[in-house]
Amino acid sequence: MTLNTFRQTLLVCALLQIGSVFLCHTAKAQLQQIKPVTTSEIGAGIGGANYVGEISPNYRFLNNQPAMTIFYRHDISAPITLKAAFMGSHRIFDDKSFKDESQNLPHHDWRDAELKLSMLEFSLGLEYNFLDYYEDIRQPHRVSPYFYIGAALLNFNHQLSRQGDVMEPFDNKFTVSIPFGVGVKYALSKHWNLGLEFGPRFMLTDNLDYLQASGSELLATDLGAGSSKAYANPFDKDMYFYNGISLSYTLYRLNCPPVYKRKAGILD
């Protein structure tokens, strides 16, 4: 082998090495632009729905009525997931069950009524995960707090009675609410997740408890016409909370890089 041949061989090897490094770097950059995993999540949870209004102006844990939820999540970016959920709740309770030992609330003894309240909510919202919960699926135990906000359609059915006499018949209504709150997710394994969630729902109605600034049949009968505004706050609306625990199952989809297509050359 002559010296020139040896030099040419070294030059070819060097060019091949440089080219391979460049190609590997380019391929790695292209792969980083592609989200490696897309996740979908289905789950169910149990907890409580908590009414807040004229009868019970503050949140109290003991006022929770049983509630259940089913939901679906789909990640749309690394920190953000889209969530759709149904939540249902039903309870029969009387006014005195809302008594707060730290406050003097006259509505309970004044109305002394029994309220049957059922709620069915469909919500759609976004969750922002503060940690990389879905990025590294090789770690089975992952945790992340999150914040969520969305919009909900609420169907509620209520009936008011006193000592067995129906004072307000069953009334079925729809309204819009604004849910938001905080939660935390914990991965029990690669697929199973445990969740905790707490948040209020602001409503666009003030008639969840049959007390509203415009008056009602019950108020007009017991207190006289024109006196209802003294017992309902016209400056705010009723609201309710949901707090609960959930169990969900994650489905993973591996995203393959796009197929390389050779571009037509000059001689093609």
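Read in order, the letters of the sequence shown are residues -29 to -1, 1 to 239 in mature numbering (1 follows the signal peptide of the UniProt record, and there is no 0). For glycine and all other residues, C-beta sits at the position ideal for the given N, C-alpha and C. In this text, all values refer to a predicted model and were calculated from it rather than measured experimentally.
Which listed residue (the options) has its alpha carbon closest to that of residue i
| i | options | result |
| --- | --- | --- |
| Ile149 | Ala158, Leu175 and Ile17 | Leu175 |
| His45 | Thr9, Phe141, Arg113 and Ile120 | Thr9 |
| Ile51 | Pro116, Tyr181 and Gly24 | Pro116 |
| Met39 | Asn178, Gly152, Asp209 and Asn21 | Asn21 |
| Asn34 | Gly18, Ile41 and Phe151 | Gly18 |
| Gly24 | Arg172, Tyr99 and Leu218 | Arg172 |
| Arg62 | Phe42, Pro37 and Ala55 | Pro37 |
| Asp207 | Ser94, Trp163 and Asp177 | Asp177 |
| Lys54 | Ser94, Leu86 and Met90 | Ser94 |
| Met90 | Phe57, Glu98, Glu106 and Gly96 | Phe57 |
| Lys144 | Phe151, Val153, Trp163 and Leu124 | Leu124 |
| Leu165 | Glu98, Ile41, Val114 and Gly96 | Val114 |
| Tyr213 | Glu92, Lys161 and Thr146 | Glu92 |
| Gly215 | Glu12, Gly59 and His162 | Gly59 |
| Glu98 | Leu131, Gln130 and Val153 | Val153 |
| Ser11 | Trp163, Pro140, Gln130 and Tyr211 | Trp163 |
| His129 | Tyr43, Gly14, Ile41 and Tyr181 | Tyr181 |
| Phe127 | Phe42, Thr146 and Arg133 | Thr146 |
| Tyr211 | Lys161, Leu167 and Phe151 | Phe151 |
Beta-bridge partners of residue i, as assigned by DSSP
| i | result |
| --- | --- |
| Pro28 | Pro28 pairs with nothing; no bridge assigned. |
| Ala49 | In the DSSP output, where bridge partners are listed per residue, Ala49 has none listed. |
| Thr40 | Gly16 and Met58 |
| residue 242 | Absent from the structure is residue 242, since the part of the chain shown begins at -29 and ends at 239. |
| Asn100 | Tyr117 |
Buried or exposed by the 16-neighbour rule on C-beta atoms within 10 Å, applied to residue i
| i | result |
| --- | --- |
| Ala48 | The question names Ala, yet the displayed sequence has Ser at residue 48. Classification of Ser48: exposed, given that the 10 Å Cβ count is below 16. |
| Phe101 | exposed |
| Ala122 | exposed |
| Leu88 | buried |
| Tyr104 | buried |
| His112 | exposed |
| Leu179 | buried |
| Asp142 | exposed |
| Glu188 | Low confidence applies here, because Glu188 scores a pLDDT of 43, under 50, leaving its location unreliable and the question unanswered by this model. |
| Asp209 | buried |
| Leu86 | buried |
| Tyr119 | buried |
| Leu218 | exposed |
| Tyr223 | exposed |
| Tyr220 | exposed |
| Gln4 | Interpretation of Gln4 is limited by its pLDDT of 45, a score under 50 that renders its predicted location unreliable; the figure taken from the coordinates is listed afterwards. Exposed: under 16 other Cβ atoms inside 10 Å. |
| Val(-9) | Because Val(-9) carries a pLDDT of 45, less than 50, the predicted location of this residue cannot be relied on, and no value is offered for it. |
Handout entry: Cβ contact check for the stretch 21 to 29 and the stretch 151 to 168: 3 or more pairs under 8 Å
Key = no
Problem - Ordered list of beta strand (DSSP E) runs contained in the stretch 112 to 160, each at least 3 residues - result: 114 to 133 and 136 to 158
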